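Read the structure below first, then the notes.
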Amino acid sequence: MGLAIALLTIGNELLSGDRQDTHTQRIANFLTPRGYRLQSSVSVPDDENLIAEALTYLGEKNHVVVVTGGLGGTSDDLTARAAAKAFRRRLSLNEEALSQVRDRLRSMGREPQAYHEKMALFPQKAGPLGNPAGVAPGFQIRWQETEFLFFPGVPAELEAMLLGALLPRLQTLHPGEPIEERRLQIFGLPESQVEQKLEGADLPSEVEVGFRVHHPFVAVKLTARGGDAMYQADLAEAEALKALGDRVYGRGDARLQQVVADLLLGHELTLALAESCTGGMIASQLTDIPGASAFLDRSGVVYANRAKRSWLGVPDDILRSPGAVSKECAQAMAVGIRRTAQTDLGLAVTGIAGPGGGTTRKPVGTVFLSLATPDGVRTKEYQFKGDREKVRAMSVATGLDWIRRYVLSRQCDL
Numbered sequence: 005m006g007l008a009i010a011l012l013t014i015g016n017e018l019l020s021g022d023r024q025d026t027h028t029q030r031i032a033n034f035l036t037p038r039g040y041r042l043q044s045s046v047s048v049p050d051d052e053n054l055i056a057e058a059l060t061y062l063g064e065k066n067h068v069v070v071v072t073g074g075l076g077g078t079s080d081d082l083t084a085r086a087a088a089k090a091f092r093r094r095l096s097l098n099e100e101a102l103s104q105v106r107d108r109l110r111s112m113g114r115e116p117q118a119y120h121e122k123m124a125l126f127p128q129k130a131g132p133l134g135n136p137a138g139v140a141p142g143f144q145i146r147w148q149e150t151e152f153l154f155f156p157g158v159p160a161e162l163e164a165m166l167l168g169a170l171l172p173r174l175q176t177l178h179p180g181e182p183i184e185e186r187r188l189q190i191f192g193l194p195e196s197q198v199e200q201k202l203e204g205a206d207l208p209s210e211v212e213v214g215f216r217v218h219h220p221f222v223a224v225k226l227t228a229r230g231g232d233a234m235y236q237a238d239l240a241e242a243e244a245l246k247a248l249g250d251r252v253y254g255r256g257d258a259r260l261q262q263v264v265a266d267l268l269l270g271h272e273l274t275l276a277l278a279e280s281c282t283g284g285m286i287a288s289q290l291t292d293i294p295g296a297s298a299f300l301d302r303s304g305v306v307y308a309n310r311a312k313r314s315w316l317g318v319p320d321d322i323l324r325s326p327g328a329v330s331k332e333c334a335q336a337m338a339v340g341i342r343r344t345a346q347t348d349l350g351l352a353v354t355g356i357a358g359p360g361g362g363t364t365r366k367p368v369g370t371v372f373l374s375l376a377t378p379d380g381v382r383t384k385e386y387q388f389k390g391d392r393e394k395v396r397a398m399s400v401a402t403g404l405d406w407i408r409r410y411v412l413s414r415q416c417d418l
């Protein structure tokens, strides 16, 4: 059985919305690959009684409690005093901690002041933890059967102390359990369908399956623990890939635009873009990648009909009827940009992203994509759901995925 580890984050700003609490993610990301994991995370404001209550509550349910925030020298830094109350110990000046504070200040060219002594006021029997990135030291204390480790809330200071102070203590208490993770990045299936497909797959029962939606993508995390973790994780990944097929566009932290860029470069294909409703967003994502000029020849934001006509040669009769948002217009845009740029591929997108502009026949979310290739032209209508941001994000991702799928199959009938 592993260690039950909890996190307590302290600070008014974390609960007022003034600052995002990143500590849970930061500490979980630190612990997980080392064979440990958080069981729970609790946030409380700068209130002595609430901090003390949280310490008592978490101490009753966990082997280790990691605490961040409230160790400075100002009036709202109440963590040490709250710990003394929770553990029923007197608050006293820790000479070792005071020496650390003074030495740190002098190394920064600052002279210690009287108020700095507050940073060295700890509950009795607490041991100081050195802070290599800041002034205020942390401290550790054992109460009943639980280890409490207190760290500053400043992210850079916390980062510096995790490896030097937290990990050695955890390893003393319990060796980390072997752990292996596999991540799959998916586009084109909602979370519910991804889950259904994996439920029907022959995944090892010991492997944990987790989902994370970051619109318009779904990430699947497969986690295996124990002596055969690597084998179990590899087996689970193979079965998941079989179940999800080409909806998986990458592994690990792969980004769709990077996958597309690598494919275009690897197959020595060039691309030109004609964007209307996405306003250059596809080009922006691709040009975020260094060296994109090797495959991306040009991109035109052809928002107005005049631009579609003069830059891409879209005929007037198409722009009059069926109109700029139509299968015919998208196809003419794709063919036009490919012909003008003399590239291997031409991708076009036109649609109604909203919030206005929709009609009964063409509601908001109507988007047409077209890909012109040496093998022909493929054009399709979509009805994307959501607000303007979501419609455009789906349009961008779908366009990129079309390119990915075409390069992999070299078939225009995607």
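Take any residue in the sequence shown, note its place counting from 1, add 4, and you have its number in this note's numbering.
Just so you know, even glycine gets a beta-carbon here, dropped at the ideal spot from N, CA and C.
Note that the coordinates shown come from a computational prediction; the quantities given were computed from them, not determined experimentally.
Query	Result
Within a Cβ cutoff of 6 Å, which residues of the same chain sit near V68, ignoring the five residues on either side of it in sequence?	L7, I9, E151
For the segment 215-258, list the beta strand (DSSP E) runs that are entirely contained and at least 3 residues long, ordered along the chain.	221-229, 252-255
Quick check on S79: buried or exposed, where buried means 16 or more other Cβ atoms within 10 Å of its Cβ?	exposed
Closest to V306 by C-alpha separation, out of A298, L316, F299, would be which residue?	L316
Say yes only if the C-beta of T291 is nearer than 7 Å to one or more non-hydrogen atoms of the ligand SAM, and no if none qualify.	The model on display carries no ligand, and the ligand SAM is accordingly not part of it.
In terms of DSSP beta bridges, what is L349 paired with?	L275
To the nearest angstrom, report how far apart A376 and G350 are at their CA atoms.	5 Å
Taking a contact to mean a Cβ-Cβ separation below 8 Å, would you say L153 touches G142 in this structure?	yes
What does a CB cutoff of less than 7 Å around A397 pick up in its chain, not counting 5 residues either side in sequence?	H219, P220
For the segment 79-136, which segments carrying the beta strand (DSSP E) assignment without a break, of at least 3 residues, lie completely within its bounds, in sequence order?	95-97, 125-127, 131-133
Does the segment 317-333 touch the segment 288-299, meaning 3 or more C-beta pairs lie closer than 8 Å?	no
If distances are taken between C-alpha atoms only, which option among T227, I341, V252 comes closest to P208?	T227
Give the secondary structure of S303 by DSSP, where H, G and I count as helix, E and B as strand, and everything else as coil.	strand
Let me make sure I understand the geometry here. Which of Q189, G77, L95, Q117 has the alpha-carbon closest to that of A140?	G77
Using DSSP with H/G/I as helix, E/B as strand and the rest coil, what is Y40?	coil
Give the secondary structure of T150 by DSSP, where H, G and I count as helix, E and B as strand, and everything else as coil.	strand
Are the CB atoms of L125 and L95 within a distance shorter than 8 Å?	yes
With distance defined between alpha-carbon atoms, name the residue in F34, K366, D301 nearest to P172.	F34
Tell me whether T364 sits in a helix, a strand or coil according to DSSP, three-state version.	coil
Count the other C-beta atoms from every protein chain shown that fall within 10 angstroms of the C-beta of K312, then say buried if there are 16 or more, exposed otherwise.	buried
Could you pull out every unbroken beta strand (DSSP E) segment of at least 3 residues lying fully inside the segment 44-78, listed in chain order?	68-72
Could you compute how far the alpha carbon of Q289 sits from the alpha carbon of M337?	20 Å
Which residue marks the beginning of the alpha helix (DSSP H) containing V139, and which one marks its end?	Segment: none, V139 is in no alpha helix (DSSP H) and carries neither H nor E.
DSSP state of G340, grouped into three classes?	helix
Closer than 8 Å is the cut-off here; do at least three beta carbon pairs connect the segment 344-363 with the segment 269-289?	yes
Need the endpoints of the beta strand (DSSP E) that K384 sits in, please.	380-387
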